[in-house]
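**Q** Chains as they are written, first to last, in this note's numbering: chain L, 87 to 436; chain B, 87 to 436.
1) Would you kindly check if the distance between the Cβ of residue 405 of chain B and the Cβ of residue 379 of chain B is under 8 Å?
2) Verify the contact flag: residue 330 of chain L, CB atom, against every heavy atom of the ligand GDP, threshold strictly below 7 Å.
3) Tell whether a beta-carbon distance below 8 Å holds between residue 138 of chain L and residue 105 of chain L.
4) Count the CB pairs spanning the segment 170-188 of chain B and the segment 202-219 of chain B that are closer than 8 Å, and state whether there are at least three.
5) Going along the segment 286-318 of chain L in order, which residues come within less than 8 Å of chain B, judged by CB to CB distance?
6) Give a yes or no on whether the minimum CB-CB distance between residue 391 of chain B and chain L is below 8 Å.
7) Here's the rule: buried if 16 or more other CB atoms are within 10 angstroms of the residue's CB, otherwise exposed. What is residue 136 of chain L?
8) Using a C-beta cutoff of 8 Å, does residue 158 of chain B count as contacting chain L?
9) How is the alpha helix (DSSP H) around residue 404 of chain L delimited, first residue to last?
10) Just verifying my parser: in three-state terms, what is the DSSP assignment at residue 264 of chain L?
11) Determine contact between the segment 382-397 of chain B and the segment 186-204 of chain B, defined as no fewer than three beta-carbon pairs at a distance below 8 Å.
12) Below 8 Å, how does it come out for the segment 88-102 of chain L and the segment 115-126 of chain L: are there three or more Cβ pairs, yes or no?
13) Within 10 angstroms of the Cβ of residue 170 of chain L, are there 16 or more other Cβ atoms? Answer buried if so, exposed if not.
14) My output table needs one value for residue 94 of chain B: the three-state DSSP class, helix, strand or coil.
15) From which residue to which residue does the alpha helix (DSSP H) around residue 111 of chain L run?
16) Across which residues does DSSP place residue 142 of chain B in a beta bridge pair?
17) Output the residue ranges of the alpha helix (DSSP H) runs that lie fully inside the segment 304-330 of chain L and measure 4 residues or longer, sorted by chain position.
18) Rounded to whole angstroms, what's the CA-CA distance from residue 305 of chain L to residue 109 of chain L? Just pull it up for me.
19) Mapping the DSSP letters down to three states, classify residue 390 of chain B as helix, strand or coil.
20) Based on Cα-Cα distance, which residue from B:213, B:328, B:98 lies nearest to residue 222 of chain B?
21) Would you mind working out which of L:432, L:410, L:424 sits nearest residue 212 of chain L, comparing C-alpha positions?
22) Tell me, which residues are paired with residue 269 of chain B by DSSP?
23) Considering just the uninterrupted stretch of the beta strand (DSSP E) at residue 434 of chain B, what are its terminal residues?
24) Give a yes or no on whether the minimum CB-CB distance between residue 400 of chain L and chain B is below 8 Å.
25) Spatial neighbours of residue 259 of chain L within its chain, please: C-beta separation below 6 Å, excluding the five flanking residues on both sides.
26) Residue 380 of chain B bridges to which residues according to DSSP?
27) Would you report the Cα separation of residue 197 of chain L and residue 296 of chain B, rounded to the nearest angstrom?
28) Compare the Cα-Cα distances from residue 438 of chain L to each of L:251, L:267, L:287 and report the closest residue.
29) The segment 327-343 of chain L: which residues have C-beta closer than 9 Å to a C-beta of chain B, in chain order?
30) Any idea which residues DSSP pairs residue 150 of chain B with across the strands?
31) Among the residues of its own chain, which have a CB less than 8 Å from the CB of residue 279 of chain B, if the five just before and after it don't count?
32) Do you know offhand how far residue 238 of chain L's Cα is from residue 401 of chain B's?
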């Protein structure tokens with residue numbers, strides 16, 4: 087890229103905005119000295135941002151505040167947010183991507199509102215029926231991309247196939263793996279396998295000659311512990327899988343604390359084992375996997391977790407910048423075109 | 087109960103049968119001296135069971151071997167198992183429940199085959215469209231019942247409502263809680279909430295005046311960490327949630343081991359902390375929650391995990407015996423009748 091990268095940031099989105107947002111940019115800049123060549127647009131309330139910029143000198147040196155005094159409430163309904171939210175920090179974050187001033191936008195605000203504003207302003211890419219939200223999940227030796235995790239409650243087979251193409255390009259952009267493997271989330275029991283939508287998507291992906299590394303059906307446990315890079319599912323199932331995994335991790339953490347704190351002996355041993363625990367904590371840190379991406383729009387939008395802190399926001403920003411540096415948008419354009427040409431050739435009707 | 091309880095056991099079902107089955111009964115009898123008044127029918131190969139009974143004296147004193155030399159393969163297709171499996175240990179396990187000789191049956195064998203044989207022999211209860219499989223899940227202070235976890239890939243609203251009634255009675259039978267809370271599994275985003283099936287079930291449960299403690303929608307994280315006793319969902323979503331949780335627990339265990347073993351210092355501290363770890367391990371032990379129950383049949387069938395060991399099988403047996411001692415079957419009969427009378431009164435058409 088010869089042009090300077092510009093990142094559009096919703097400084098007012100998230101439970102603890104704008105503090106965690108500005109802190110997050112600082113954390114990122116500190117860890118990535120090379121990122122000082124990037125320009126950051128901070129959309130938000132100047133009066134609230136000024137003292138934070140005084141505190142975080144790296145951000146102050148790189149960022150430009152774009153003042154607005156309206157922000158979208160975390161609990162606002164998406165339809166209301168879109169109707170009344172023009173000129174808000176979230177709206178302006180997307181608008182800077184739409185106008186081409188920024189290459190990627192990022193917000194820790196209300197997910198539904200951000201998706202609605204992104205769809206309205208950026209529009210869905212040609213060849214994509216509806217955008218999806220992709221999440222990143224830890225695995226023993228790598229990460230796994232799961233999509234959709236909440237944008238589409240019901241999906242038909244052709245949407246699932248599009249998600250496979252989008253997810254594959256996304257994984258490649260983030261992890262530089264040429265042919266990431268793709269699995270379709272299903273249940274295991276032989277005779278109960280899938281519904282008609284999943285079966286149709288499976289057949290379409292199996293027949294395709296587009297060079298996708300489709301490995302067939304995978305099960306829920308494969309998301310965390312399987313040999314698969316991209317897991318494709320509808321937004322209902324994906325959202326429930328994601329939240330179930332979060333709940334399980336939280337439960338184990340709770341039992342873990344309880345077990346370790348239950349005797350003085352345990353407390354002493356835990357203290358000795360501090361380093362080991364810190365390593366574990368780091369690996370299981372949900373902030374490491376923070377950053378859902380909206381795939382299938384004419385532009386890049388990243389959604390950070392609403393309750394995240396500075397470190398989590400920095401990780402989402404890191405994903406945003408990796409994507410911005412990649413050829414993701416051009417790649418999916420080519421691949422979606424090829425997919426739909428193949429659809430026509432084989433007469434695929436979902 | 088004045089009659090003697092009789093338990094029908096598939097001694098040949100499971101990856102490590104018959105060893106883990108006989109061992110499991112021994113473990114249970116050792117922990118429950120009062121259970122020596124119960125009679126156990128062991129269906130399986132006499133030649134293989136004899137040396138095990140010599141090893142486990144408690145089982146030998148209580149059990150009666152019912153010889154058969156056929157067993158259902160763990161990978162057999164359910165339809166084939168039903169066609170060719172008459173007289174197998176699994177078939178005979180169900181048959182003893184059907185004939186009334188035993189009050190409950192238990193098998194660690196092939197789930198699909200066991201469901202197919204159970205449906206064929208026991209038949210679905212009047213007022214139930216299709217049986218469900220209920221799983222038990224740990225929570226910080228209690229357990230949670232989740233159903234369906236795999237018997238019905240697609241469900242309509244009236245099935246989900248039936249699951250609520252079945253799950254509630256099951257929870258009450260196991261944990262003696264008069265009004266367990268019931269939640270309907272859904273996604274969180276306000277405007278994306280549910281599909282039409284879930285919405286219809288939600289309305290039906292909200293309107294009901296049967297005294298169900300229905301608390302509305304719950305999300306994936308509530309299964310492990312929410313204030314809900316019974317989580318209702320279709321078999322596709324439930325199966326994926328269950329397996330995702332298993333995968334997550336396995337991943338955390340893996341990271342945990344890695345973190346602790348990475349330095350000598352950690353190893354030393356881990357050794358000191360042995361007791362704390364044992365407590366944690368015990369709480370997270372998947373064997374504690376071993377035992378899926380087939381709900382909605384004219385008879386009680388328990389499915390133990392195929393890969394379980396003696397302790398896990400003992401836990402599944404414990405669930406079987408708790409259920410056998412309860413009034414579960416009579417209760418659901420009354421409640422399902424009341425439900426369908428209400429259906430007619432309000433003109434509920436799913």
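Don't be surprised by glycine CBs; every beta carbon is placed ideally from N, CA and C.
If you're wondering where the values come from, they're calculated on a predicted model, not measured in any experiment.
**A** Reading off the structure:
1) Numbered from 1 along the second chain, position 293 holds the residue referred to as residue 379 of chain B. Numbered from 1 along the second chain, position 319 holds the residue referred to as residue 405 of chain B. The answer is yes: Cβ separation under 8 Å.
2) As far as ligands go, the structure on display features none, and thus does not contain the ligand GDP.
3) Here residue 138 of chain L corresponds to residue number 52 of the first chain, with the count starting at 1. Here residue 105 of chain L corresponds to residue number 19 of the first chain, with the count starting at 1. Taking 8 Å as the Cβ cut-off, residue 138 of chain L and residue 105 of chain L qualify as a contacting pair.
4) Counting Cβ pairs under 8 Å, three or more are found: they touch.
5) Listed in chain order, the positions of the segment 286-318 of chain L with a beta carbon within less than 8 Å of a beta carbon of chain B are 305, 306, 307, 308, 309, 310, 311, 312.
6) Here residue 391 of chain B corresponds to residue number 305 of the second chain, with the count starting at 1. False, the Cβ-Cβ gap to chain L never drops below 8 Å.
7) Numbered from its first residue, the first chain carries residue 136 of chain L at position 50. By the neighbour-count rule (16 or more Cβ atoms within 10 Å), residue 136 of chain L is not buried but exposed.
8) Sequence index remark: in the second chain, residue 158 of chain B carries index 72 (1-based). Interface criterion not met: the Cβ of residue 158 of chain B is under 8 Å from no Cβ in chain L.
9) Your numbering for residue 404 of chain L matches position 318 in the first chain. From DSSP, the alpha helix (DSSP H) with residue 404 of chain L extends over 396-411.
10) Within the first chain, residue 264 of chain L is the residue found at index 178, counting from 1. If DSSP states are grouped into helix, strand and coil, residue 264 of chain L belongs with coil.
11) The segment 382-397 of chain B and the segment 186-204 of chain B touch, with no fewer than 3 CB-CB distances between them shorter than 8 Å.
12) Counting C-beta pairs with one atom in each stretch, the segment 88-102 of chain L and the segment 115-126 of chain L have three or more that are closer than 8 Å, which means they touch.
13) Here residue 170 of chain L corresponds to residue number 84 of the first chain, with the count starting at 1. Answer is exposed; the Cβ neighbour count stays below 16.
14) By 1-based counting over the second chain, the position of residue 94 of chain B is 8. Residue state, collapsed to three classes: strand.
15) Within the first chain, numbered from 1, the residue matching residue 111 of chain L stands at position 25. Looking at the DSSP string, the run of the alpha helix (DSSP H) that includes residue 111 of chain L is 105-117.
16) On the second chain, position 56 is the one that residue 142 of chain B refers to. For residue 142 of chain B, which the question treats as bridged, DSSP gives no partner whatsoever.
17) Runs found: 306-311.
18) Here residue 305 of chain L corresponds to residue number 219 of the first chain, with the count starting at 1. Here residue 109 of chain L corresponds to residue number 23 of the first chain, with the count starting at 1. Taking the straight line joining both Cα atoms gives about 38 Å.
19) By one-based count along the second chain, residue 390 of chain B stands at place 304. Residue state, collapsed to three classes: coil.
20) As a first step, residue 222 of chain B is located in the second chain; it is residue number 136 there, counting from the start. Residue B:328 is the option with its Cα nearest to residue 222 of chain B.
21) The count along the first chain starts at 1 and reaches residue 212 of chain L at position 126. That would be L:424, whose Cα lies nearest to the Cα of residue 212 of chain L.
22) Reading the second chain from its first residue, position 183 is the one you call residue 269 of chain B. The partner list for residue 269 of chain B (beta bridge, DSSP) reads B:302, B:317.
23) Stepping through the second chain from its first residue, residue 434 of chain B is reached at position 348. Element bounds for residue 434 of chain B: n/a, residue is neither H nor E.
24) Taking the first residue of the first chain as position 1, residue 400 of chain L is located at position 314. By this cut-off, residue 400 of chain L is not an interface position.
25) Taking the first chain and counting its residues from 1, the one referred to as residue 259 of chain L is at position 173. Result list for residue 259 of chain L: 409, 412, 414, in chain order.
26) Stepping through the second chain from its first residue, residue 380 of chain B is reached at position 294. In DSSP, residue 380 of chain B forms a bridge with B:219, B:387.
27) Residue numbering aside, residue 197 of chain L sits at position 111 when the first chain is read from its first letter. Residue numbering aside, residue 296 of chain B sits at position 210 when the second chain is read from its first letter. One C-alpha to the other measures close to 37 Å.
28) Nothing about residue 438 of chain L can be read from this structure; chain L reaches only from 87 to 436.
29) So the close ones are 327, 328, 329, 330, 331, 332, 333, 334, 335, 336, 337, 338, 339, 340, 341, 342.
30) Counting from one through the second chain, the residue named residue 150 of chain B turns up at place 64. DSSP output for residue 150 of chain B lists B:127 as bridge partner(s).
31) One-based indexing of the second chain puts residue 279 of chain B at position 193. Excluding sequence neighbours, residue 279 of chain B sits near 272, 273, 285, 303.
32) Numbered from its first residue, the first chain carries residue 238 of chain L at position 152. Numbered from its first residue, the second chain carries residue 401 of chain B at position 315. Their Cα atoms are separated by approximately 40 Å.
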